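Read the structure below first, then the notes.
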Amino acid sequence: MASLEKFEAIFGEVVPERSEPGSGILRRYLFHVYASDSFHLTVDVTDFVSGVWTTILSISQLDDMRDTVGIGGSWSEFLDYTVASLKSDYVKLLLGDNTASNAVVETARLVSQKAKGMPRVIIPLTKMVDSSANEAMANLSLELFRAFKSKRHLQGEVSSPAAAADEKDKRDSANNQLERHSSGKLDVMAPATDNRLDSPAKQANTTKPAKRVPAHRRARKRGALLQDSEEEDG
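At position 217 of the sequence shown the residue is numbered 217 (full-length UniProt numbering), and the sequence of numbers has no breaks.
Spelled out as structure tokens, the structure:
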């Protein structure tokens, strides 16, 4: 059985067009398409100033729309095409006036298509007034905030592992730089080895000069040696 149980809400912006040109500049509108329950699709459109346009489509009405649009295939294929159309760049809000029984009735239609030349999905809208319009605008604002908050939360969960990996890379890089810096300081502070200590020239320079003895002391020493020699001969 057809169901809207897994339908995800759609938010979009649309520039309105009037059937009668020259009626003044129109504000941009926001639209919100969501499943109010498993069997009803709700569409709200507003500029938060001039009011809210809305409609509630049942499963049977959506099925009739599928025949009007001319999308063949299964129910899920039609629903996928409708979602793609509402998310595309080809969405229009057509505003106009109909005269019936001497009364002017404002009308609006949300028209979308997946791409140029493809079938159009046309959703008729009814204007809300008074407290119902205010409640619809408040609901759209709240749901838009919740969607924004949920998206930020999901983006945070996705970016957290990447952020953690990036932080680890930064720490590793800083540690490597610190190790290289410390190693360089040790190399500079280490005493250099002088290979010239063992060279002959170095040894010659380090040999103590012989002590010179005065001539009279040398003669006296030689006489003492001779005297000792004579005593030994006697």
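A virtual CB, placed ideally from N, CA and C, is assigned to each residue, including glycine.
Since this is a predicted model, take the numbers as computed values, not measurements.
Looking only at its own chain, which residues have a Cβ that is under 8 Å from the Cβ of residue i, when we skip the five neighbours before and after it?
i: H40; result: L4, I56, L57, S58 and I59
i: L144; result: F11, L30 and H32
i: S173; result: none
i: E77; result: I71
i: S38; result: S3, L4 and E5
Going by other Cβ atoms of all chains shown within 10 Å of its Cβ, with 16 needed for buried, is residue i buried or exposed?
i: V14; result: buried
i: R28; result: exposed
i: A108; result: buried
i: F31; result: buried
i: A138; result: exposed
i: L154; result: exposed
Would you mind giving the Cβ-Cβ distance between residue i and residue j, rounded to the nearest angstrom? I have them listed as a contact below 8 Å.
i: V33; j: L79; result: Not quite, the Cβ-Cβ distance comes to about 11 Å (not below 8 Å), so this is no contact.
i: L140; j: T42; result: Not a contact, Cβ separation roughly 10 Å.
i: A2; j: D67; result: Actually they are not in contact, since the Cβ atoms of A2 and D67 sit about 14 Å apart, beyond 8 Å.
i: V91; j: G12; result: 6 Å
i: D44; j: A115; result: Not a contact, Cβ separation roughly 25 Å.
Is it true that the CB of residue j sits closer than 8 Å to the CB of residue i?
i: L125; j: T54; result: yes
i: M128; j: V52; result: yes
i: A9; j: A147; result: yes
i: E17; j: L94; result: yes
i: residue 243; j: G96; result: Examination of residue 243 is not possible in this model, given that the chain is present from 1 through 234 alone.
With DSSP as the reference, label residue i as helix, strand or coil.
i: F39; result: coil
i: E231; result: Note that E231 scores 47 on pLDDT, short of 50, meaning its location in the model is unreliable; the coordinates nonetheless yield the value given after this. Of the three classes helix, strand and coil, the one that applies to E231 here is helix, per DSSP.
i: D67; result: helix
i: Y81; result: helix
i: E135; result: helix
i: K114; result: coil
i: K92; result: strand
i: Y169; result: The question names Tyr, but residue 169 in the sequence shown is Asp. D169: helix per DSSP, three-state reduction.
i: E8; result: coil
i: D130; result: helix
i: A26; result: Before going further, note that residue 26 is Leu rather than Ala in the sequence given. Coil, per DSSP.
i: F48; result: coil
i: E143; result: helix
i: S58; result: strand
Between which residues of its own chain and residue i is the CB-CB distance below 6 Å, once the five residues before and five after are set aside?
i: R120; result: V111 and Q113
i: S36; result: T42
i: A192; result: Confidence in A192 is poor, its pLDDT being 49 and thus under 50, which makes the residue's placement unreliable; the coordinate value appears in the next sentence. There are no such residues.
i: F7; result: A35
i: G73; result: none
i: E230; result: Note that E230 scores 47 on pLDDT, short of 50, meaning its location in the model is unreliable; the coordinates nonetheless yield the value given after this. Nothing meets the Cβ criterion.
CB-CB under 7 Å to residue i, same chain, minus the five flanking residues each way: which ones, in chain order?
i: V49; result: R27
i: W75; result: A2
i: Y81; result: I71 and K114
i: I122; result: R109 and V111
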